[in-house]
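The sequence shown lines up with residues 1 to 209 when you count with the UniProt record's numbering. In this text, a Cβ means the ideal position worked out from N, Cα and C, and glycines have one as well. This structure is a prediction, so every number in the text was calculated from the model and none was measured.
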Amino acid sequence: MPDIACVQIPFATPPGAPPRRSHPCFTGRVSSNPTVTVELAAAADAAALGEVAAVTFPLACPPGAGAADIAAFIADVLSPRRFTDYLADPARTVLKAVADDRIIGYSLLVAAEPTDPDVAAAVTLRPVTELSKMYVLPGHHGNGVAAALMAASLDRARTADSAGVWLGVNQENQRAQSFYAKHGFQVVGTKTFLVGAQLHSDFVMQRTF
Numbered sequence: 001m002p003d004i005a006c007v008q009i010p011f012a013t014p015p016g017a018p019p020r021r022s023h024p025c026f027t028g029r030v031s032s033n034p035t036v037t038v039e040l041a042a043a044a045d046a047a048a049l050g051e052v053a054a055v056t057f058p059l060a061c062p063p064g065a066g067a068a069d070i071a072a073f074i075a076d077v078l079s080p081r082r083f084t085d086y087l088a089d090p091a092r093t094v095l096k097a098v099a100d101d102r103i104i105g106y107s108l109l110v111a112a113e114p115t116d117p118d119v120a121a122a123v124t125l126r127p128v129t130e131l132s133k134m135y136v137l138p139g140h141h142g143n144g145v146a147a148a149l150m151a152a153s154l155d156r157a158r159t160a161d162s163a164g165v166w167l168g169v170n171q172e173n174q175r176a177q178s179f180y181a182k183h184g185f186q187v188v189g190t191k192t193f194l195v196g197a198q199l200h201s202d203f204v205m206q207r208t209f
């Protein structure tokens, strides 16, 4: 299973279509105007981060992704155990968005040379940071949480002396692509992304500082 994960912003639901898959553990009350802080996550946050990822990843997968493949990806890449590993890795930074003492979103940055040959060829910046993951719980979209996470993530990469940031986004997810373009990202190439046993097509986007 590759370590690189597409940044997660849910697909828009077409008019008249059934609701996108949700996760049964998301039952919390949603504030219409939460006070959100973005800060470094710690080892004690691993379980909560895993819960957020398990809720949001199914919503962000392309429509053709199978339930078994999604479950396998969550178990292999987004479990609390894996977050414990990420939080202990000096090349990785996990930021958490908190409202009402609850983690409602997070991002994960990787300060390393791209290992995927397609990404390495497409991304022109060096040194570069990958925005590997960015999730916000359903119900908190449109409240500025994603924008706050993005701003904090870019600031973190900039202060680490990166020349810019790259990310992968599913080619069908126009909503996410528009969000990243709004924050200065441009499409520079393509790559594949494995979810369980299914390969999906991503755009590679980068933002220069």
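Item checked: Distance between H140 and A72 (C-alpha atoms, nearest Å) -> To locate residue 72, count along the sequence shown from 1; it is residue 72. To locate residue 140, count along the sequence shown from 1; it is residue 140. A straight-line Cα-Cα distance of about 26 Å links A72 and H140.
Note to self: Taking the alpha-carbon of T205 as reference, which of A120, L149, P138 has the nearest alpha-carbon?
What the structure shows: Position 205 of the sequence shown, counted from the first residue, corresponds to residue 205. Checking the sequence, you will find Met at residue 205 rather than Thr. Taking only the C-alpha atoms, the option nearest M205 is A120.
Notebook entry, point to check: Using a Cβ-Cβ cut-off of 6 Å (strictly less than) and excluding sequence neighbours within five positions of I70, which residues of its own chain qualify?
Noted result: The residue labelled residue 70 in the question sits at position 70 within the sequence shown. If we look at I70 and ignore the five residues flanking it on each side, its Cβ neighbours are P58, C61.
Note to self: Could you tell me the alpha carbon to alpha carbon distance between P63 and V195, rounded to whole angstroms?
What the structure shows: To locate residue 63, count along the sequence shown from 1; it is residue 63. To locate residue 195, count along the sequence shown from 1; it is residue 195. The alpha-carbon atoms of P63 and V195 are separated by roughly 12 Å.
Checklist line | Coarse secondary structure for F185, derived from DSSP in three states | finding: Taking the first residue of the sequence shown as position 1, residue 185 is located at position 185. It is coil, neither helix nor strand.
Note to self: Can you tell me which residues form a DSSP beta bridge with D116?
What the structure shows: Within the sequence shown, the letter at position 116 stands for residue 116. The partner list for D116 (beta bridge, DSSP) is empty, contrary to what the question assumes.
Checklist line | Beta-carbon separation (whole angstroms), A97 vs L149, contact threshold 8 Å | finding: Here residue 97 is taken as the residue at index 97 of the sequence shown, counted from 1. Here residue 149 is taken as the residue at index 149 of the sequence shown, counted from 1. Correct: roughly 5 Å between the Cβ atoms.
Checklist line | From I103, S178, D116, V52, residue whose alpha carbon lies closest to that of T37 | finding: Position 37 of the sequence shown, counted from the start, is the residue given in the question as residue 37. Measuring from the Cα of T37, the nearest candidate turns out to be I103.
Next item on the list: Provide the residue(s) that pair with Q198 in DSSP beta bridges, ordered along the chain.
Entry: If you number the sequence shown from 1, residue 198 lands on position 198. Answer is V195, bridged to Q198.
Next item on the list: Under 6 Å Cβ to Cβ from S107, same chain only, skipping five residues before and after it: list those, please.
Entry: Position 107 of the sequence shown, counting from 1, holds the residue named residue 107. Counting only Cβ-Cβ distances below 6 Å, and skipping sequence neighbours, we find L95, M134, L149, S153.
Note to self: Is it buried or exposed, K191, if we count other Cβ atoms within 10 angstroms and call 16 or more buried?
What the structure shows: The residue you call residue 191 lines up with position 191 of the sequence shown. K191 comes out buried.
Check: What's the gap between the Cα of D202 and the Cα of A146?
Finding: Reading the sequence shown from its first residue, position 202 is the one you call residue 202. Reading the sequence shown from its first residue, position 146 is the one you call residue 146. Those two C-alpha atoms are separated by around 20 Å.
Notebook entry, point to check: Beta-carbon separation of G189 and A122 under 9 Å?
Noted result: Taking the first residue of the sequence shown as position 1, residue 189 is located at position 189. Taking the first residue of the sequence shown as position 1, residue 122 is located at position 122. Result yes, Cβ atoms of G189 and A122 sit closer than 9 Å.
Margin query: Spatial neighbours of A163 within its chain, please: C-beta separation below 8 Å, excluding the five flanking residues on both sides.
Written below: One-based indexing of the sequence shown puts residue 163 at position 163. L125, R126, P127, V128, T208, F209.
Item checked: Runs of alpha helix (DSSP H) lying entirely within the stretch 130-192, each at least 4 residues, in chain order -> 145-159, 174-182
Next item on the list: Check whether the Cβ atoms of D45 and L87 lie closer than 9 Å to each other.
Entry: One-based indexing of the sequence shown puts residue 45 at position 45. One-based indexing of the sequence shown puts residue 87 at position 87. Yes, these two residues count as a Cβ contact at 9 Å.
Note to self: On the criterion of 16 or more Cβ atoms from any shown chain inside 10 Å, does G105 qualify as buried, or is it exposed?
What the structure shows: Here residue 105 corresponds to residue number 105 of the sequence shown, with the count starting at 1. Buried, because 16 or more other Cβ atoms sit within 10 Å of the Cβ of G105.
Notebook entry, point to check: From the DSSP output, which residues share a beta bridge with F203?
Noted result: Translated into the one-based positions of the sequence shown, residue 203 becomes position 203. Bridge partners of F203: V169, T190.
Checklist line | Nearest-angstrom beta carbon gap, R158 and L109 [assumed within contact, 8 Å] | finding: Looking up residue 109 in the sequence shown gives position 109. Looking up residue 158 in the sequence shown gives position 158. 11 Å between Cβ atoms; not a contact.
Check: By the 10 Å Cβ neighbour count, where 16 or more other Cβ atoms means buried, how is G168 classified, buried or exposed?
Finding: Along the sequence shown, one-based indexing puts residue 168 at 168. So G168 counts as buried.
Next item on the list: Tell me whether R102 sits in a helix, a strand or coil according to DSSP, three-state version.
Entry: For the purposes of this step, residue 102 is taken as residue 102 along the sequence shown, with counting starting at 1. Reduced to three states, the DSSP call for R102 is strand.
Next item on the list: Measure the C-alpha to C-alpha separation of R82 and D89 and round it to an integer number of angstroms.
Entry: Along the sequence shown, read from residue 1 onward, the residue named residue 82 stands at position 82. Along the sequence shown, read from residue 1 onward, the residue named residue 89 stands at position 89. Whole-angstrom Cα-Cα distance: 11 Å.
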